[in-house]
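J.: No gaps in the numbering here: position 11 of the sequence shown is 11 in full-length UniProt numbering, and each next residue is one more. My questions all concern the structure below.
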Amino acid sequence: TAALLGSLAALVVVLAAMGLVLHNKTAMVVFVGLLGVAAFATVAPLQLRVLEHARGAGQNLASSLNIAAFNLGNALGAWLGGVVIAMHAGLVATPWVAALLSALGLGIALWSVQLQRRRAAAPGVCAQAG
């Protein structure tokens with residue numbers, strides 16, 4: 001959980017920093033590299049979280065759907081980046097939009113962790129609901 005939250009937070013920070021240094025070529029080269037590291041660092045913790053919640057034979061399906069979601073996210077991100085540029089916000093707006101979406105993902109992950117902790121603290125409630 002810490003690795004997932006940390007990697008998502010790093011992704012938000014790197015993308016926001018890219019918005020600040022967009023006009024500095026040297027800094028952008030560094031941050032593009034850091035973006036690759038931060039984005040790649042999210043894969044294993046997300047996959048682990050999916051597998052922890054899937055049961056038995058469902059793990060294969062859950063794993064496949066997780067990777068499909070990554071691919072869908074890549075496609076939607078490229079599309080949204082194009083929309084942002086086409087709206088005349090320009091290339092300079094794309095890192096900020098990406099940082100905002102990553103922050104949304106971090107918020108969802110934090111919410112998910114909080115829900116999991118609540119369920120673990122009150123196992124009788126979940127057993128009665130199911």
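Glycine included, each C-beta is placed from N, C-alpha and C at the ideal position. Remember, predicted model here, so these are calculated numbers, not experimental data.
Spatial neighbours of Gln47 within its chain, please: C-beta separation below 7 Å, excluding the five flanking residues on both sides.
T.: Ser63, Asn66
J.: Which class does Arg55 belong to by DSSP, given the choice of helix, strand or coil?
T.: Under the three-state reduction of DSSP, Arg55 is assigned to coil, being neither helix nor strand.
J.: What is the DSSP secondary structure of Ala89, reduced to helix, strand or coil?
T.: coil
J.: Closest by CA to Ala98, which one among Leu5, Ala17, Val29?
T.: Ala17
J.: What span of residues does the alpha helix (DSSP H) with Thr94 cover, start to end?
T.: Under the DSSP assignment, Thr94 falls in the alpha helix (DSSP H) whose first and last residues are 94-121.
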